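Sequential numbering from 1 applies to the sequence shown in this note's numbering. Positions of the beta carbon are idealized from the N, C-alpha and C atoms, including for glycine. Since this is a predicted model, take the numbers as computed values, not measurements. These notes concern the structure reproduced below.
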Amino acid sequence: MGIVRTSGSGEHHVVVVGGGFGGLQAVSKLRRAPVEVTLVDRRNFHLFQPLTYQVATGALSPGEIAYPLRAIFKRDRNVGVLLAEVADFDLDARELHLRPVSPVPAPERLGYDTLIVAGGSHYAYFGHEEWRMHAAEVKSLESALAVRSRLLAAFEAAEAEPAAAAREAWLTFVVVGGGATGVEMAGQIAELARDTLRRDFRTIDPRRARILLVEAADRVLTSFPPSLSAKAERSLQRLGVSVLTGRTVIGIDAAGVTLDGRDGGAEHIASRAVVWAAGVTASGLAGRLADLTGAERDNAGRVTVEADLTLPGHPEVFAIGDMVRVRNAGGEPVVLPGVAPVAMQQGRHAARVVRARLRGSQHAAFRYRDKGNLATIGRAAAVADIKGVRLGGFLAWAAWLLVHLWYLIGFQNRLLVLIRWSFSFVTHGRGARLITGASTNSEQR
Ligand SMILES: Cc1cc2nc3c(=O)[nH]c(=O)nc-3n(C[C@H](O)[C@H](O)[C@H](O)COP(=O)(O)OP(=O)(O)OC[C@H]3O[C@@H](n4cnc5c(N)ncnc54)[C@H](O)[C@@H]3O)c2cc1C
1 MGIVRTSGSG
11 EHHVVVVGGG
21 FGGLQAVSKL
31 RRAPVEVTLV
41 DRRNFHLFQP
51 LTYQVATGAL
61 SPGEIAYPLR
71 AIFKRDRNVG
81 VLLAEVADFD
91 LDARELHLRP
101 VSPVPAPERL
111 GYDTLIVAGG
121 SHYAYFGHEE
131 WRMHAAEVKS
141 LESALAVRSR
151 LLAAFEAAEA
161 EPAAAAREAW
171 LTFVVVGGGA
181 TGVEMAGQIA
191 ELARDTLRRD
201 FRTIDPRRAR
211 ILLVEAADRV
221 LTSFPPSLSA
231 KAERSLQRLG
241 VSVLTGRTVI
251 GIDAAGVTLD
261 GRDGGAEHIA
271 SRAVVWAAGV
281 TASGLAGRLA
291 DLTGAERDNA
301 GRVTVEADLT
311 LPGHPEVFAI
321 GDMVRVRNAG
331 GEPVVLPGVA
341 PVAMQQGRHA
351 ARVVRARLRG
361 SQHAAFRYRD
371 KGNLATIGRA
381 AAVADIKGVR
391 LGGFLAWAAW
401 LLVHLWYLIG
411 FQNRLLVLIR
421 WSFSFVTHGR
431 GARLITGAST
441 NSEQR
């Protein structure tokens, strides 16, 4: 397939790259505009990343936190969805270079009048890519399922392991990174071990599992006020998580994790299940746009966009979400938090600018409205910082629950997740405790 420009409607063609939080909002705000929209994603679904860790710990199933992009826009005649990977940009010709997602063919190039790029970010291993194979992360659905299998398989292996030291390594879980995802992950593993699995095994006692949360800073949840970090730490300790702050990971391999020792030496922790929840880096699309436009890039790979979210010299190209930092009114680049509300507000803003331009009017610069910060730790335990109001415990947890249900895509998903959570709350159960992706020798034959 060669170049595809538009479907031939003659309308202004807006191409949105990425059906994550930013891209989805941009498309939603353009669905009744006099434009033709093509949403390009290498996945055929929108993923609600804030709940992938619940898939990784068997609390939710994949289909409950993902929704097909085509289904979201099925009633919007001006929106088309294209399953393809964006490989490059030709900004002069106003075309995207596409790569097919096997086995689905895709046009080699896709033309646009306006381009909105929302490619997101991915976990970075601080220059140690070799750690990735031993420390899985929960950014994608595939990786969350891999973590689920790894965690559950660790309990199975411990049950089958006769040697005490090896059994202990299987029952030692290390989470690297004390941000919201790391805290949530550690809390969920603790509940899995202490609550859900407590009667499932005959040789081991899952409640004796060690769960360690390692953070290089001097407290967890550094984006929250210190009082809430302290509250979160106490909640984690109550769940049986050992919080190791001020400790840096200096090695990860199949045998475990090495931390810098307090005395200048190194401490090795034998563990067969390590989860990575530390630093992220912007999508490679950000770097490519920076190269092509001369825009600045920071050390997390984010491209710097102007105050209206466009690339310098290219008012027809917007970049939004996790992959950007934005110039403020004074021209200074500002890094906004890597959270869904930022991407969503930027997606809506880009769409409003497109609509204003079509009307021949101007639109004000982007301004982020911070609505607050939430993180959950476990059953009825969370912290919330909402416009200076600091909450902990059940109230914060209820706020967390409502916000997540509200922003989940699809009525059916909201209902299913609500039922699942209610059921789990009463029974302490987790229905999706499946080890997938493993196959026996006879299956392979
Ligand atoms: C585990 C985890 C927990 C989180 N928890 C929270 C939370 O509780 N609250 C919160 O507010 N935020 C949370 N976040 C952050 C939030 O998910 C991100 O800030 C948000 O997803 C960013 O939106 P985005 O549109 O920039 O990118 P994304 O939502 O990541 O979307 C990027 C999209 O681009 C597509 N894509 C990427 N490259 C290409 C390409 N080359 N070609 C085609 N398609 C491409 C991807 O498939 C994806 O669909 C969490 C993130 C993670 C990983």
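Query raised in the report: Nearest to A519 by alpha carbon, out of F423, P206, R32?
Result: Past the edges of the chain, shown from 1 to 445, lies residue 519, and the structure says nothing about it.
Report task. Return yes when at least one heavy atom of ligand 1 lies under 7 Å from the C-beta of Q54, else no. Result -> Start at 1 with the first residue of the sequence shown, and residue 54 comes out as number 54. No, ligand 1 has no heavy atom inside 7 Å of this Cβ.
Requested in this report: For S382, name the three-state secondary structure that DSSP assigns.
Outcome: Looking up residue 382 in the sequence shown gives position 382. It should be pointed out that residue 382 corresponds to Ala in this sequence rather than to Ser. Of the three classes helix, strand and coil, the one that applies to A382 here is strand, per DSSP.
Query raised in the report: Near A190, what residues of its chain come up, given a Cβ to Cβ distance below 6 Å and the 5 sequence neighbours on each side ignored?
Result: As a first step, residue 190 is located in the sequence shown; it is residue number 190 there, counting from the start. These residues qualify, in order along the chain: I211, L239, G240, V241.
Requested in this report: Give me the Cα-Cα distance between L391 and A380, rounded to the nearest whole angstrom.
Outcome: As a first step, residue 391 is located in the sequence shown; it is residue number 391 there, counting from the start. As a first step, residue 380 is located in the sequence shown; it is residue number 380 there, counting from the start. Rounded to the nearest angstrom, the two C-alpha atoms are 12 Å apart.
Query raised in the report: What residues are listed by DSSP as bridge partners for P68?
Result: If you number the sequence shown from 1, residue 68 lands on position 68. P68 is bridged to F45.
Requested in this report: Compute every distance between the C-beta of F21 and the non-hydrogen atoms of ligand 1, then say whether any falls below 7 Å.
Outcome: Taking the first residue of the sequence shown as position 1, residue 21 is located at position 21. Checking every heavy atom of ligand 1 against the Cβ of F21, one is found closer than 7 Å.
Query raised in the report: With C-beta atoms as the reference, is I320 less than 8 Å away from Q346?
Result: By 1-based counting over the sequence shown, the position of residue 320 is 320. By 1-based counting over the sequence shown, the position of residue 346 is 346. In this structure, Q346 lies closer than 8 Å to I320 by Cβ.
Query raised in the report: What residues in its chain sit with their C-beta under 8 Å from that of L145, if we drop five residues either side in the sequence?
Result: In the sequence shown, counting from the first residue as 1, residue 145 sits at position 145. Result list for L145: V55, A56, P62, T436, G437, in chain order.
Requested in this report: May I ask you to check if the CB of E215 is nearer than 7 Å to at least one heavy atom of ligand 1?
Outcome: Reading the sequence shown from its first residue, position 215 is the one you call residue 215. For ligand 1, not one heavy atom lies less than 7 Å from the Cβ of E215.
Query - L345 beta carbon near ligand 1 (any heavy atom closer than 7 Å) - result: Within the sequence shown, the letter at position 345 stands for residue 345. The amino acid at residue 345 is misidentified as Leu; the sequence shows Gln. No, the Cβ of Q345 stays beyond 7 Å of every heavy atom of ligand 1.
Report task. Check whether the Cβ of S143 lies closer than 7 Å to any heavy atom of ligand 1, and answer yes or no. Result -> Here residue 143 corresponds to residue number 143 of the sequence shown, with the count starting at 1. Flag unset: Cβ of S143 not near ligand 1.
Query raised in the report: Helix, strand or coil: which one does DSSP assign to F201?
Result: Here residue 201 is taken as the residue at index 201 of the sequence shown, counted from 1. The answer is coil: DSSP assigns F201 none of H, G, I, E or B.
Query raised in the report: Based on Cα-Cα distance, which residue from L30, A282, E267, R150 lies nearest to V275?
Result: By 1-based counting over the sequence shown, the position of residue 275 is 275. The residue with the shortest Cα to Cα distance from V275 is R150.
**Report entry** Close Cβ partners of P100 (< 7 Å) along its chain, the five nearest in sequence each way excluded
**Finding:** Translated into the one-based positions of the sequence shown, residue 100 becomes position 100. Same-chain partners within the cutoff: A84, A106.
Query raised in the report: Between H314 and the rest of its own chain, which residues show a CB-CB distance below 7 Å, the 5 nearest in sequence each way excluded?
Result: Against the sequence shown, residue 314 aligns to sequence position 314. So the qualifying residues of the chain are L91, T293.
Query - For E215: DSSP bridge partner residues - result: Here residue 215 refers to the residue found at position 215 of the sequence shown. Looking at the DSSP assignment, E215 forms a beta bridge with T245.
**Report entry** Straight-line gap, A154 to V342 (C-alpha atoms, nearest Å)
**Finding:** The residue labelled residue 154 in the question sits at position 154 within the sequence shown. The residue labelled residue 342 in the question sits at position 342 within the sequence shown. Roughly 37 Å separates the two Cα atoms.
Query raised in the report: For A350, which option in V15, E11, S9 has the closest C-alpha, if you only look at C-alpha atoms?
Result: As a working note, residue 350 is residue 350 in the sequence shown. A350 has its Cα closest to that of V15, out of V15, E11, S9.
Requested in this report: Return the bridge partner residues of G111 from the DSSP annotation.
Outcome: Stepping through the sequence shown from its first residue, residue 111 is reached at position 111. Per DSSP, E95.
Query raised in the report: Taking only beta-carbon atoms, is A319 less than 8 Å away from chain C?
Result: Checking the listed chains, one finds no chain C in this structure; it contains a single protein chain.
**Report entry** heavy atom of ligand 1 below 7 Å from V86 C-beta
**Finding:** As a first step, residue 86 must be located in the sequence shown, where it is residue number 86. Yes, ligand 1 has a heavy atom inside 7 Å of this Cβ.
Query - CB of A255 within 8 Å of CB of A270, strictly - result: For the purposes of this step, residue 255 is identified with residue 255 of the sequence shown, where counting begins at 1. For the purposes of this step, residue 270 is identified with residue 270 of the sequence shown, where counting begins at 1. Result yes, Cβ atoms of A255 and A270 sit closer than 8 Å.
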